[in-house]
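For the sequence shown, the working numbering assigns the number 2 to the initial residue and increments by one for each residue that follows. Backbone N, C-alpha and C define an ideal beta-carbon position, used for all residues, glycine too. Down below is the structure, laid out as C-alpha cells.
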Amino acid sequence: MIHILRDTSILIFIFIFFLLIIVFYQLNYQIEPSISREIIILSKSEKFKIVSNEYSSLWFQKLCLKTTLSEKLVVENLPQYLNNARSSTDNICRQFATKFDALFRLEEIYGLLKLSPVYLNKVNQWLHNDTILIEQLKKQRIIKIYNRYTHEEMLYNYMRSQRPQTKSEISPEA
Numbered sequence: 002m003i004h005i006l007r008d009t010s011i012l013i014f015i016f017i018f019f020l021l022i023i024v025f026y027q028l029n030y031q032i033e034p035s036i037s038r039e040i041i042i043l044s045k046s047e048k049f050k051i052v053s054n055e056y057s058s059l060w061f062q063k064l065c066l067k068t069t070l071s072e073k074l075v076v077e078n079l080p081q082y083l084n085n086a087r088s089s090t091d092n093i094c095r096q097f098a099t100k101f102d103a104l105f106r107l108e109e110i111y112g113l114l115k116l117s118p119v120y121l122n123k124v125n126q127w128l129h130n131d132t133i134l135i136e137q138l139k140k141q142r143i144i145k146i147y148n149r150y151t152h153e154e155m156l157y158n159y160m161r162s163q164r165p166q167t168k169s170e171i172s173p174e175a
C-alpha cells in the first residue's frame, strides 16, 4: 500500500511540474496585441522568385510547353517541352525553364544496339514484326534527369514500356 501511495504521489508531482512549465512558458512567450511584430521575410535570389498562383498548370501547358490541353504530358517529350519554354516570348515561361535547369540536368542519350540474326528473330516475334518498334529498339533514346541537389537521377527508356510481359507481370490496374 505504501508503494502505491508513493508511486501515485510521484506521478502527481510530475504532472503538476509539467503544468507549471507549460504555464510559465505561456506567460513568458505570450503575444501582446498592442506590440507590433515584424515578420522577417527571407530574400530569395531572382532565380527562385516565387510566381503567384495566377498561372495555372493549364496555362503553363498551353503557353510554355506548347501542347494542347487534351494532350497527355509524357516524360519522353520533356526535352521538347523545355525547349519550347526556353524559346517562349513570355518571361514567366523562360523563368520556368531557368528554374528547371537550376534544379535538374536533362540529357538525351542515344544508344545503338546490334542484334544477332537469331536474337532478331525472337525480338520480331515479341514485337509482332513491327518495323517502327524494331528501329526504335536498335536506336534507343534514353532521357536522363539528374537532380543537382539530391544527386539522384532517373533514366527513362520508352522501349522498356514496350517489352513483352507475362500475365503475372501485368498489373490488374492496367
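If the five residues before and after Tyr82 are omitted, its C-beta is found closer than 6 Å to the C-beta atoms of Leu66, all from its own chain and listed in chain order. Sequence-distant partners of Thr68 (beyond 5 residues in either direction) whose C-beta falls short of 6 Å from its own C-beta, in its chain, are Gln62. By the Cβ test, the segment 98-110 is not in contact with the segment 125-136, since fewer than three Cβ pairs between them sit closer than 8 Å. Under the three-state reduction of DSSP, Asn148 is assigned to strand. By a beta-carbon distance limit of 8 Å, Leu79 does not contact Arg149. Their separation comes to about 16 Å. For Phe97, there is no enclosing beta strand (DSSP E); the enclosing alpha helix (DSSP H) has its first and last residue at Asn92 to Leu104. Per DSSP, the beta-bridge partners of Lys140 are Leu113. Under DSSP, Met155 takes part in a beta bridge, and its partners are Ile146. Selection Leu138, Leu121 and Asn84 evaluated against Asp102 yields Asn84 as nearest (Cα-Cα). Here Leu107 carries a strand assignment [DSSP, helix/strand/coil]. A Cβ-Cβ contact shorter than 8 Å links Glu77 with Tyr157. According to the DSSP assignment, Lys123 belongs to the alpha helix (DSSP H) that extends over Pro118 to Trp127.
In this structure Leu113 touches Lys140 by the C-beta definition: roughly 6 Å separates them, less than 8 Å.
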